[in-house]
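**Q** Below is a structure I'd like to ask you about.
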């Protein structure tokens with residue numbers, strides 16, 4: 149699914165917004181905007197962008213919660229797993245890059261930290277930032293809203309700005325949903341985002357809301373701009389009031405989370 153009209157109009161951010169809505173490396177945005185384009189309602193176009201991606205974020209997070217439910221069943225029966233649970237644990241270990249040689253108890257412990265949801269506010273802010281509000285070449289041609297790379301020849305789109313000798317490509321996805329799902333999996337399993345996962349777990353353990361602003365501190369490794377990039381994502385979350393898209397707070401007592409029923413369902417401030 150593409151958003152050609154939305155992509156074109158969202159490229160026309162006002163000057164006052166550009167400080168918080170800057171896109172990152174590899175965006176290669178190419179919009180259809182020109183001086184003859186009629187005035188548009190930027191707020192409305194942003195809302196359309198958020199509403200376009202939000203259902204996909206909810207679905208991707210719901211898929212993660214289904215995996216988590218299976219993990220909790222395994223955890224509850226760790227000393228007496230049936231054959232299907234053994235297969236499920238092996239699959240989760242592979243998916244989330246946990247050491248296959250660890251004892252099952254340790255594997256489950258690591259998976260417990262890795263398999264959980266990502267606040268919609270953070271997903272939306274990074275999608276807007278990395279895809280230039282859906283206008284980037286990679287969002288338009290490859291459904292890639294998060295600048296995710298791949299390293300096999302022909303796996304994606306070759307960036308025009310790729311350095312000589314570099315072999316990475318920007319991943320090409322069949323749908324925007326596939327991009328969202330891959331991004332969430334990336335944050336949940338890559339070693340670069342261990343801090344993000346630790347921050348999430350600390351909030352859960354302390355019975356606090358898991359917020360996008362808080363977890364953004366774990367994105368130091370997402371961009372070469374490091375702290376500056378983190379501040380920019382946090383600013384975008386606040387400026388666009390993206391906390392309204394977050395799911396209700398994860399309850400550590402029951403160890404379950406509910407997928408939000410409406411964009412207004414949020415216990416967090418950011």
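Numbering (this note's numbering), first residue to last: 149 to 418. Positions of the beta carbon are idealized from the N, C-alpha and C atoms, including for glycine. Owing to the predicted nature of the structure, the values given are computational and were not obtained by experimental measurement.
Residue 287 and residue 303 - do their beta-carbons sit closer together than 8 Å?
**A** no
**Q** Taking the beta strand (DSSP E) that residue 318 falls in, what are its first and last residues?
**A** 317-319
**Q** Excluding five sequence neighbours on each side, which residues of the same chain lie with their C-beta closer than 6 Å to the C-beta of residue 245?
**A** 337
**Q** Are three or more beta carbon pairs between the segment 350-361 and the segment 247-259 nearer than 8 Å?
**A** Taking one beta carbon from each stretch, the segment 350-361 and the segment 247-259 have fewer than 3 pairs nearer than 8 Å; the two do not touch.
**Q** Please say whether residue 394 and residue 359 have beta carbons closer to each other than 8 Å?
**A** yes
**Q** Less than 8 Å between the CB atoms is what I'm expecting for residue 236 and residue 218, so what's the real figure, rounded?
**A** 5 Å
**Q** What number of angstroms, rounded off, separates the C-alpha of residue 221 from the C-alpha of residue 330?
**A** 25 Å
**Q** To the nearest angstrom, report how far apart residue 215 and residue 193 are at their CA atoms.
**A** For residue 215 and residue 193, the distance between alpha carbons rounds to 34 Å.
**Q** For the alpha helix (DSSP H) holding residue 322, just list the boundary residues, first then last.
**A** No alpha helix (DSSP H) holds residue 322; DSSP gives it neither H nor E.
**Q** Go to residue 218, then tell me how far its alpha helix (DSSP H) extends in each direction, as first and last residue.
**A** 190-224
**Q** Specify the secondary structure class of residue 305 as computed by DSSP and reduced to three states.
**A** Strand.
**Q** Just how far apart, CA to CA, sit residue 202 and residue 389?
**A** 14 Å
**Q** Is it right to say residue 294 is buried, meaning 16 or more other beta carbons lie within 10 angstroms of its own, or is it exposed?
**A** buried
**Q** What number of angstroms, rounded off, separates the C-alpha of residue 184 from the C-alpha of residue 283?
**A** Low confidence applies to residue 184: its pLDDT is 45, below 50, so where it sits in the model is not reliable enough to give any reading.
**Q** Give the range of the alpha helix (DSSP H) segment to which residue 235 is assigned.
**A** 231-243
**Q** Please give the ranges of any alpha helix (DSSP H) in the segment 310-396, keeping only runs that are unbroken, at least 4 residues long and fully inside the region.
**A** 324-337, 342-353, 360-363, 375-387
**Q** Could you give the distance in angstroms between the alpha-carbon of residue 238 and the alpha-carbon of residue 248?
**A** 8 Å
**Q** Do you know how far the Cα of residue 307 is from the Cα of residue 316?
**A** 8 Å
**Q** Counting along the chain, where does the alpha helix (DSSP H) carrying residue 250 start and finish?
**A** That residue, residue 250, is in no alpha helix (DSSP H); it is neither H nor E in DSSP.
**Q** For residue 275, which of 324, 264, 251, 242 has the nearest alpha-carbon?
**A** 324
**Q** Can you check whether the CB of residue 270 is closer than 8 Å to the CB of residue 363?
**A** yes
**Q** What's the call for residue 366, buried or exposed, on a 16-neighbour Cβ count within 10 Å?
**A** buried
**Q** Among 375, 290, 385, whose alpha-carbon lies nearest the alpha-carbon of residue 322?
**A** Among 375, 290, 385, the Cα nearest to that of residue 322 is on 290.
**Q** Determine the burial state of residue 232: buried for a count of at least 16 other Cβ atoms within 10 Å of its Cβ, exposed for fewer.
**A** exposed
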